[in-house]
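Chemist: Be aware that the sequence shown starts at 1, since it is given in full-length UniProt numbering, and climbs by one per residue.
The C-beta atom is built at its ideal place from N, Cα and C for all residues, glycine as well.
A quick note: this is a predicted structure, and the numbers were derived from the prediction, not measured.
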Amino acid sequence: MSIEKFSLEKVLSVHRWTDNLFSFTMTRPAHFKFTAGQFARIGIKVNDELVVRAYSVVSSPFDETLEFFSIVVPDGAFTSNLQHLQVNDEIYLEKIPYGYLTLARYQLPLPKDLWLLGTGTGLAPFLSMLQDFETWSKYKNIHLIYSVRTQAELAYAEKIQEIIETFGEGHHGFKFIPIITRDVQAPLHDRLPVLIANGELEKVADLKFDPETSHIMLCGNPQMVEDTKEALKARGLTMNRRGEGNIAVENYW
Ligand SMILES: Cc1cc2nc3c(=O)[nH]c(=O)nc-3n(C[C@H](O)[C@H](O)[C@H](O)COP(=O)(O)OP(=O)(O)OC[C@H]3O[C@@H](n4cnc5c(N)ncnc54)[C@H](O)[C@@H]3O)c2cc1C
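(1) When the Cα of Phe-6 is compared with those of Phe-24, Pro-193, Ile-163 and Pro-29, which residue comes out closest?
(2) For the alpha helix (DSSP H) holding Leu-201, just list the boundary residues, first then last.
(3) Please identify the residue among Met-217, Val-52, Gln-83 and Leu-123 whose C-alpha is closest to the C-alpha of Ser-2.
(4) Taking the alpha-carbon of Ile-216 as reference, which of Gly-170, Glu-153 and Thr-228 has the nearest alpha-carbon?
(5) Just tell me which of Glu-134, Gly-120 and Gln-185 has its CA closest to the CA of Ala-157.
(6) Pull up the DSSP beta-bridge partners for Leu-114, would you.
(7) With hydrogens ignored, establish whether the beta-carbon of Thr-79 is closer than 7 Å to any heavy atom of ligand 1.
(8) With a threshold of 7 Å (Cβ to nearest heavy atom), would Gly-118 be considered close to ligand 1?
(9) Run through the UniProt domain "FAD-binding FR-type" (4-104) for me and flag every whole alpha helix (DSSP H) of 4 or more residues, listed as ranges in chain order.
(10) By Cβ distance, which residues of its chain are closer than 7 Å to Phe-167, with the 5 residues on each side in sequence left out?
(11) Around the C-beta of Phe-39, are 16 or more other C-beta atoms found within 10 angstroms, so that it is buried, or is it exposed?
(12) Quick one: any contact between the region 199-212 and the region 80-100, if contact means 3 or more CB pairs under 8 Å?
(13) Using alpha carbons as the reference points, say which of Ser-59, Leu-93, Glu-90 and Glu-162 lies closest to Val-35.
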């Protein structure tokens, strides 16, 4: 991997949510332009080797810094090292962003209902989209569905409220719907495909999935993405290809 493709940035803050989840911010070089929903490729040196992974950007395209939300995989080549990140550490950032999980990919149907469905760190690209006023002006209804295993893993819950107050002021169609799969007391605790098939998600959202009005984005765990996609297809929704269709996905592994 050619090191010239990267700029060297500095870690500005680290926030640990749980033992296996943390967020960090870092300097953003002026050349690094991205669209909400895209991902960066970031790298650290491990035994003098550059190890690089894809990371969705959490922060908005208008922020001066870059924020990321990370899992810790105990034996993971990248995150078992990244978890020890500290302020002022250096981190490599590939100069160009990547990815097509962006709202610009939708041409038909026209924007009306936006469903953002993420598991775990798959929340990240949606936080960026929600910090872009254009998202709020485009859609009548915006539903953020965030599935985690435990209440402690419901990272960014407060930040989501702040985002709604700042960006969603005067917008009456937003709903935040958490799903906590290991907590039977939680109002919603089944897996997403189940909640779609049995109609419970639409009931809580007070909105129907509709091939004529729905833009649906899925991000995170590939099994969730696959099963949810199938549940949606069974409801007549289609994959978004060349601008047309309802469902857009991003798998994290
Ligand atoms: C487009 C894209 C965007 C991504 N954005 C993010 C992001 O914003 N935040 C993030 O934490 N990861 C993200 N990932 C995953 C990330 O690139 C790495 O896989 C992750 O950092 C783990 O790296 P690793 O070397 O420690 O383990 P790897 O060897 O890369 O992965 C080992 C195993 O860990 C599990 N795993 C990997 N990533 C995750 C995850 N995010 N959540 C739960 N389990 C996981 C899987 O079972 C995987 O097989 C993204 C991946 C892609 C393709």
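Modeler: Looking at the coordinates:
(1) Start at 1 with the first residue of the sequence shown, and residue 6 comes out as number 6. It is Pro-29 whose Cα lies nearest to the Cα of Phe-6.
(2) One-based indexing of the sequence shown puts residue 201 at position 201. From DSSP, the alpha helix (DSSP H) with Leu-201 extends over 200-205.
(3) Sequence index remark: in the sequence shown, residue 2 carries index 2 (1-based). Among Met-217, Val-52, Gln-83 and Leu-123, the Cα nearest to that of Ser-2 is on Val-52.
(4) The residue labelled residue 216 in the question sits at position 216 within the sequence shown. Comparing Cα positions, the closest option is Thr-228.
(5) On the sequence shown, position 157 is the one that residue 157 refers to. When each option's Cα is compared against that of Ala-157, the closest is Gly-120.
(6) Position 114 of the sequence shown holds residue 114. Looking at the DSSP assignment, Leu-114 forms a beta bridge with Ile-142 and His-215.
(7) Taking the sequence shown and counting its residues from 1, the one referred to as residue 79 is at position 79. Correct: Thr-79 has its Cβ closer than 7 Å to ligand 1.
(8) Reading the sequence shown from its first residue, position 118 is the one you call residue 118. Result no, Cβ not under 7 Å from ligand 1.
(9) 79-82
(10) Taking the sequence shown and counting its residues from 1, the one referred to as residue 167 is at position 167. If we look at Phe-167 and ignore the five residues flanking it on each side, its Cβ neighbours are Leu-130, Gln-131, Phe-133 and Trp-136.
(11) If you number the sequence shown from 1, residue 39 lands on position 39. Phe-39 is buried by the Cβ-count criterion.
(12) no
(13) Residue mapping note: residue 35 aligns to position 35 of the sequence shown, counting from 1. Residue identity check: residue 35 is Thr in the sequence provided, not Val. When only C-alpha atoms are compared, the closest one is Ser-59.
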